[in-house]
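>
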């Protein structure tokens with residue numbers, strides 16, 4: 006049995022889809038009224054004491070996606086952010102201990118890393134200076150990582166922390182720079198951006214879900230980055246979008262001399278769970294075309 010919190014989130018819906026395709030037995034927990042797919046769904050807050058009653062004792066894995074999952078949702082809302090992202094996680098950990106769950110998979114974020122210099126690559130062993138973290142969201146994820154590490158040393162179940170890269174795909178709302186730029190290129194005649202050299206290791210939601218599934222059954226305590234194969238710059242996204250949509254638009258670069266590059270390595274994922282992204286930028290933007 007696999008229990009997925011945040012089952013109706015952006016990542017959750019794709020994960021549930023892939024789990025069902027693999028004939029996995031799934032229970033999903035979220036706060037929406039209607040589920041998107043045919044699976045056992047329970048509407049419940051992860052902070053609720055009643056969650057003990059809905060997680061079966063035969064649960065093999067808890068995949069914990071539920072969170073206030075972006076910096077804008079948490080900015081200036083430290084109490085709400087920590088109540089959901091930290092206390093909610095502790096609540097689930099407590100239930101997992103009571104129900105003898107064998108593995109706890111936690112969705113963290115590349116935003117726990119700070120201070121990238123130039124094109125510097127950081128792996129899971131990189132030193133993280135908590136005093137450099139200004140984001141409530143990133144801090145909440147790092148605190149939950151620390152809680153999971155501590156409890157693992159005290160006899161908690163196997164723990165897998167997955168630090169997601171910048172995820173894109175068919176997402177309602179603003180989305181990442183990939184969706185935003187592709188939409189602008191497709192529908193407008195000009196685009197205004199910061200430094201064209203700004204870049205991220207963008208990763209498609211389908212690859213993220215596949216990476217979560219490949220981590221099922223992983224033993225001991227592990228932290229793994231799930232990030233794209235390479236840094237894609239804003240310039241590359243614009244040029245790729247123009248090629249796909251057969252357009253040439255005006256590009257206005259606001260801040261050319263201050264690129265912001267984040268480069269978390271995915272080598273450990275390849276080694277530990279045999280995962281590499283299968284969807285490159287070109288294929289990913291083509292996949293977005295009907296959505297934009």
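In the numbering used here, the protein residues as written are 6 to 297.
The beta carbon of each residue, even a glycine, is placed where N, CA and C say it ideally should be.
1. Have a look at 122, 127, 233 and 116 and flag the residue whose alpha-carbon is nearest the alpha-carbon of residue 135.
2. Which residue's Cα is closest to the Cα of residue 208: 71, 231, 106 and 114?
3. Classify residue 83: buried if its beta carbon has 16 or more other beta carbons within 10 angstroms, exposed otherwise.
4. Does the region 215–229 come close enough to the region 255–270 to have 3 or more Cβ pairs within less than 8 angstroms?
5. Per DSSP, which residues does residue 231 bridge with? Please list them.
6. For residue 218 versus residue 20, is the C-beta spacing smaller than 9 angstroms?
7. Which residues in the same chain as residue 95 place their Cβ atom closer than 7 angstroms to its Cβ, once the five residues preceding and following it in sequence are excluded?
8. Taking a contact to mean a Cβ-Cβ separation below 9 angstroms, would you say residue 128 touches residue 269 in this structure?
9. Quick check on the DSSP output: what are the complete beta strand (DSSP E) runs of length 3 or more inside the region 50–85, in order along the chain?
10. For residue 159, count the other beta carbons within 10 Å of its own beta carbon; 16 or more makes it buried, fewer makes it exposed. Which is it?
11. Taking the runs of the alpha helix (DSSP H) that are 4 residues or longer, which of them lie wholly in the region 223–270?
12. With DSSP collapsed to three states, give me the class of residue 44.
13. Does the region 157–176 come close enough to the region 92–110 that 3 or more CB-CB pairs lie under 8 angstroms?
14. Quick check on residue 196: does DSSP put it in helix, strand or coil?
15. How many Å lie between residue 132 and residue 120 at the Cα?
16. Keeping to the same chain, check which residues put their C-beta closer than 7 angstroms to that of residue 126; ignore five residues upstream and five downstream.
In this structure, then:
1. 116
2. Checking every option, the nearest Cα to that of residue 208 belongs to 231.
3. exposed
4. Contact between the region 215–229 and the region 255–270 is absent, because fewer than three Cβ pairs lie under 8 angstroms.
5. For residue 231, the pairing in a beta bridge is given by DSSP as 169.
6. yes
7. 152, listed in sequence order.
8. yes
9. 66–69
10. exposed
11. The DSSP assignment places 239–250 as complete runs of the alpha helix (DSSP H) inside the region 223–270, in order along the chain (cut-off: 4 residues).
12. It is coil, neither helix nor strand.
13. yes
14. strand
15. 10 angstroms
16. Excluding five sequence positions before and after residue 126, the CB atoms of its chain that fall closer than 7 angstroms to its own CB belong to 268 and 270, given in chain order.
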